[in-house]
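Input: a single structure, listed below in structure tokens.
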Amino acid sequence: MSAEIEARLKDLGVTLPQAATPVANYVPYVISGSMLYISGQLPMEDGKVAVTGIVGKDVDVARAQRAAELCSINILAQAKAALGGDLGRIRRLVKINGFVASTPEFVEQHLVINGASNLLATVLGEAGKHARAAVGMASLPFNAAVEIDAVIEVA
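Residue numbering for the sequence shown follows our numbering, starting at 169 and increasing by one per position.
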């Protein structure tokens with residue numbers, strides 16, 4: 169399964185980055201029993217937040233979806249680090265929680281988080297179909313447009 173996941177990533181032109189280290193007092197992931205909890209991931213690219221601002225004001229839906237994709241790429245990077253490099257240990261992506269920094273009038277958070285859901289389902293196949301939440305926030309750390317955390321069942 170790990171080779172299949174890596175092949176899907178390659179087909180999408182996605183190279184997983186080095187898993188980011190926390191910038192506050194928390195750990196990037198916790199494994200408890202067969203569950204892997206990944207802390208909120210920002211749309212980091214090349215070591216910096218790639219999409220900043222408020223969706224519906226500074227950021228359009230397409231750019232926000234790209235931010236969500238980047239968050240999901242960073243989720244996979246954290247999972248790979250947590251699982252000793254073996255993404256094949258992922259049994260099921262159980263749930264993602266998507267947070268979108270958006271104006272009070274913006275009501276398409278679900279479309280933004282589709283950027284993450286679509287990538288994760290494509291990369292992980294059947295194991296990538298998940299429950300989720302997509303909510304609007306007044307702001308996010310480092311002025312990020314999107315933040316996403318994840319719960320994953322692992323072998």
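C-beta atoms are modelled at their ideal positions from N, C-alpha and C, and glycine is treated no differently.
As the structure is a prediction and not an experimental result, all values here were calculated from the model.
Residue i to residue j span [Cα, whole Å]
{"i": "Glu174", "j": "Leu184", "result": "9 Å"}
{"i": "Ser170", "j": "Arg231", "result": "30 Å"}
{"i": "Asn265", "j": "Lys225", "result": "22 Å"}
{"i": "Leu279", "j": "Arg176", "result": "23 Å"}
{"i": "Pro190", "j": "Val219", "result": "19 Å"}
{"i": "Glu172", "j": "Lys178", "result": "10 Å"}
Beta carbon of residue i nearer than 8 Å to that of residue j
{"i": "Cys239", "j": "Pro196", "result": "no"}
{"i": "Ile320", "j": "Ile241", "result": "no"}
{"i": "Ser202", "j": "Val322", "result": "yes"}
{"i": "Lys263", "j": "His298", "result": "yes"}
Which residues DSSP lists as bridging residue i, in chain order
{"i": "Tyr205", "result": "Val198, Val319"}
Classification of residue i by the beta-carbon crowding that lies within 10 angstroms, buried from 16 upward
{"i": "Glu237", "result": "buried"}
{"i": "Phe267", "result": "buried"}
{"i": "Gly296", "result": "buried"}
Integer Cβ distance of residue i from residue j, believed to fall under 8 Å
{"i": "Asp317", "j": "Ile199", "result": "At roughly 15 Å, the Cβ-Cβ gap does not stay under 8 Å, so Asp317 and Ile199 are not in contact."}
{"i": "Leu180", "j": "Thr290", "result": "7 Å"}
{"i": "Ala313", "j": "Val227", "result": "5 Å"}
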